[in-house]
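A short write-up of the structure that comes next.
2 protein chains.
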Amino acid sequence: MKIIRLIDEMKKEMVRRRSRGDCIGLVPTMGYLHQGHLSLIRESVRKNSCTVVSVYVNPTQFGPGEDYERYPRDLDRDAKILTDAGVDYLFIPSNEDMYPTGYKTYVEVHDLQDVMCGASRPGHFRGVCTVVLKLFHITKPHKAYFGQKDAQQAVILKKMADDLNMEVKISVLPIVRERDGLALSSRNSLLNPDQRETALCLYQSLQLAEKLFEQGERNSSKIINLMKNHIKKKKGAHIDYVVIVNKNNLESMAKIRKGETLIAGAVYIGKVRLIDNVVI
Amino acid sequence: MKIIRLIDEMKKEMVRRRSRGDCIGLVPTMGYLHQGHLSLIRESVRKNSCTVVSVYVNPTQFGPGEDYERYPRDLDRDAKILTDAGVDYLFIPSNEDMYPTGYKTYVEVHDLQDVMCGASRPGHFRGVCTVVLKLFHITKPHKAYFGQKDAQQAVILKKMADDLNMEVKISVLPIVRERDGLALSSRNSLLNPDQRETALCLYQSLQLAEKLFEQGERNSSKIINLMKNHIKKKKGAHIDYVVIVNKNNLESMAKIRKGETLIAGAVYIGKVRLIDNVVI
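In order, the protein sequences belong to chains V and R.
Taking my numbering, the leading residue of the first sequence gets 1, the next gets one more, and so forth.
Taking my numbering, the leading residue of the second sequence gets 281, the next gets one more, and so forth.
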């Protein structure tokens with residue numbers, strides 16, 4: 001595996017690989033890799049002749065007071081995991097190269113960026129879209145892989161690529177969970193054992209929603225209230241949002257319709273903000 | 281010359297030409313072509329094996345009450361001019377294809393977009409950046425050509441391409457003028473004979489600035505005041521702005537420095553807004 005730190009070097013390498021006829025898969029990550037990332041990476045290695053994984057904790061998607069500084073990092077471990085997985089390139093750009101002094105250009109996907117995580121993290125998706133557009137231009141992938149855990153991010157990035165007439169095909173892969181159901185996240189490493197226990201309440205509330213749906217309940221407000229009640233019972237859990245929306249346009253749905261509905265939530269466990277979702 | 285109206289067809293054609301090893305030049309225009317456009321087009325035809333000219337009056341760069349509806353259009357004449365110039369592709373996308381219902385994605389180049397023309401046309405450069413980024417993705421040019429008359433646009437688009445790590449090389453070609461000095465513009469066709477005469481005041485004020493500089497004057501405020509006085513003497517001319525700025529970052533310069541300075545103005549002649557500039 002080749003490790004590349006400079007944008008210009010990455011660009012040249014990808015021009016070379018493209019002109020050789022390679023099919024390029026990109027997996028953008030913030031590192032501290034877990035099995036969720038690995039499911040994306042394995043899929044890319046399987047489906048493309050050249051896989052690039054970027055590890056970059058992107059400062060423009062963190063707001064003031066968020067966890068940019070304490071976001072977990074372990075580059076040596078990541079590099080080993082990626083080598084073992086058969087990745088061709090590990091791209092580790094620097095902030096100075098990605099956002100040099102005087103950087104001014106940002107991409108926004110209106111409306112979609114303002115709801116759910118966007119409502120509590122203003123500017124977050126602007127940062128995500130901007131860095132992903134840059135990574136697309138740098139690595140020129142045929143395919144890019146994202147996780148369903150970040151459901152809103154996936155909807156927004158697909159919309160961005162489509163609106164901007166980009167060639168890249170975006171694949172969204174299922175959430176990978178711990179045995180007890182907790183969605184894998186690099187941020188789970190920031191939880192103490194009690195918090196780890198508490199964190200399960202979000203997944204449980206999603207299971208509750210699925211059960212209610214199976215029992216015939218279609219009323220979103222009712223389901224949301226029961227989900228919130230479940231989470232509120234847990235000490236140390238603080239609800240950011242629980243929503244039931246159309247899985248494609250993120251618009252609120254008063255009634256759940258099978259095949260179209262995303263039930264998603266964000267919960268603070270202490271200072272750690274976790275998200276999870278199910279598609280009905 | 282092949283005329284293409286559908287984005288998907290244009291994309292496929294350009295993938296084919298790129299893979300054949302062609303060097304692609306793009307000249308984005310709003311049509312109603314004049315010798316200014318033609319200087320860009322001839323340069324592209326000379327320097328590239330494949331030239332694409334887009335003719336698209338982009339609605340997102342016009343504000344409410346601006347001249348989107350009355351912007352001059354003559355597609356038959358444009359097509360004939362382009363055929364004669366040896367252009368390979370004329371791309372004429374529709375609004376429905378460029379901005380389908382539910383379109384949401386916009387690109388902004390902060391700060392640079394807020395001054396000069398951006399101050400009186402809020403959202404204008406957001407529209408310009410967005411449509412040009414889309415055209416870049418659709419046509420995948422190696423080079424793109426823009427006119428120095430739109431000096432601020434050129435600075436912003438170069439910044440956008442650079443910030444977003446794009447491959448395309450942006451060339452900016454000199455202003456083409458009528459014999460009496462009026463900068464060519466499709467909007468000149470909207471002037472009646474009296475207004476056409478009045479319109480010259482902007483160019484004259486720029487000539488005055490150059491003369492003052494040659495005589496040793498370096499103080500920007502003094503020069504701007506004398507330029508404004510010249511324009512104000514003309515009945516029917518209404519100043520939007522006159523500025524003296526750094527030609528690369530568009531920041532105001534209190535003193536002119538040779539090789540670094542852009543003197544630019546915008547003037548309303550009746551309802552028609554004209555721009556012009558010189559680099560010192």
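Here a beta-carbon is modelled for each residue, glycine too, at the ideal position from N, C-alpha and C.
The continuous alpha helix (DSSP H) containing Ser-319 of chain R extends over residues 315-327. Taken through DSSP and simplified to helix, strand or coil, Tyr-483 of chain R comes out as helix. Between Leu-250 of chain V and chain R, the shortest Cβ-Cβ separation is not below 8 Å.
Residues of the segment 109-120 of chain V with a Cβ closer than 9 Å to any Cβ of chain R, in chain order: Val-109, His-110, Asp-111, Leu-112, Gln-113. The three-state secondary structure of Lys-515 of chain R, taken from DSSP, is coil. Interface flag for Ile-450 of chain R against chain V is unset, since no Cβ pair is found closer than 8 Å.
When Cβ-Cβ separations below 8 Å define contact, Tyr-386 of chain R makes contact with chain V. Within chain V, the residues whose beta carbon sits less than 7 Å from that of Met-446 of chain R are His-137, listed in sequence order. Separation of Leu-90 of chain V and Cys-23 of chain V (C-alpha to C-alpha, rounded to the nearest whole angstrom) is 16 Å.
By the criterion of a C-beta distance shorter than 7 Å, Lys-258 of chain V is surrounded in its chain by Ile-280, once the five residues flanking it on both sides are discounted. In the three-state reduction of the DSSP assignment, Ser-185 of chain V falls in the coil class, being assigned neither a helical nor a strand state.
For the segment 145-165 of chain V, the set of positions with a beta-carbon nearer than 8 Å to some beta-carbon of chain R reads Lys-159, Met-160, Asp-163, Leu-164, Asn-165 in chain order. Glu-108 of chain V is classed as buried because its beta carbon has at least 16 other beta carbons within 10 Å across all chains shown. Ranking V:Ala-151, V:Cys-50, V:Ala-209, V:His-37 by CA distance to the CA of Arg-16 of chain V puts V:Cys-50 first. In this structure, Lys-169 of chain V and Arg-18 of chain V do not form a Cβ contact; the two beta carbons are roughly 15 Å apart against a cut-off of 8 Å. For Ser-299 of chain R, the enclosing alpha helix (DSSP H) has its first and last residue at 287-299. Tyr-312 of chain R is positioned such that its CB atom lies no closer than 8 Å to that of Pro-339 of chain R. Nearest to Leu-530 of chain R by C-alpha distance, out of R:Asp-520, R:Ala-544, R:His-518, is R:Ala-544. Beta-bridge pairing by DSSP links Lys-535 of chain R to R:Asn-499.
For the 8 Å CB-CB criterion, Ser-319 of chain R and Leu-453 of chain R form a contact. Using a Cβ-Cβ distance cut-off of 8 Å, the segment 98-105 of chain V and the segment 438-445 of chain R are in contact, since at least three pairs of beta carbons, one from each stretch, lie closer than that value. Here Leu-75 of chain V is exposed: its Cβ has fewer than 16 other Cβ atoms, across all protein chains shown, within 10 Å. Among the residues of chain R, those whose CB is under 8 Å from the CB of Leu-133 of chain V are Leu-444, following chain order.
Contact annotation for Tyr-103 of chain V against chain R: Asp-443 [CB-CB distance below 8 Å, chain order]. Boundaries of the alpha helix (DSSP H) around Leu-82 of chain V: 75-84. The beta carbon of Ile-7 of chain V sits closer than 8 Å to some beta carbon of chain R.
At a Cβ-Cβ threshold of 8 Å, Asn-229 of chain V and His-142 of chain V do not count as neighbours. Interface residue (Cβ-Cβ distance to chain V less than 8 Å): Lys-423 of chain R is not classified as such. In the structure shown, Ser-54 of chain V adopts extended strand secondary structure according to DSSP, grouped into three states.
Looking at the backbone, the Cα of Ile-519 of chain R and that of His-110 of chain V are separated by about 34 Å. Between Tyr-348 of chain R and Val-337 of chain R the beta-carbon gap is near 7 Å, inside 8 Å, which marks them as a contact.
For Asn-557 of chain R, the enclosing beta strand (DSSP E) stretches over residues 552-559.
In the DSSP annotation of this structure, Ser-400 of chain R is not part of any beta strand (DSSP E); the continuous alpha helix (DSSP H) holding it starts and ends at 397-400. Contact of Lys-291 of chain R with chain V is assigned, a C-beta pair being separated by under 8 Å. Each residue's CA atom was taken as its position, placing Val-278 of chain V and Leu-286 of chain R some 37 Å apart. Annotation: the continuous beta strand (DSSP E) that includes Glu-108 of chain V extends over 105-109.
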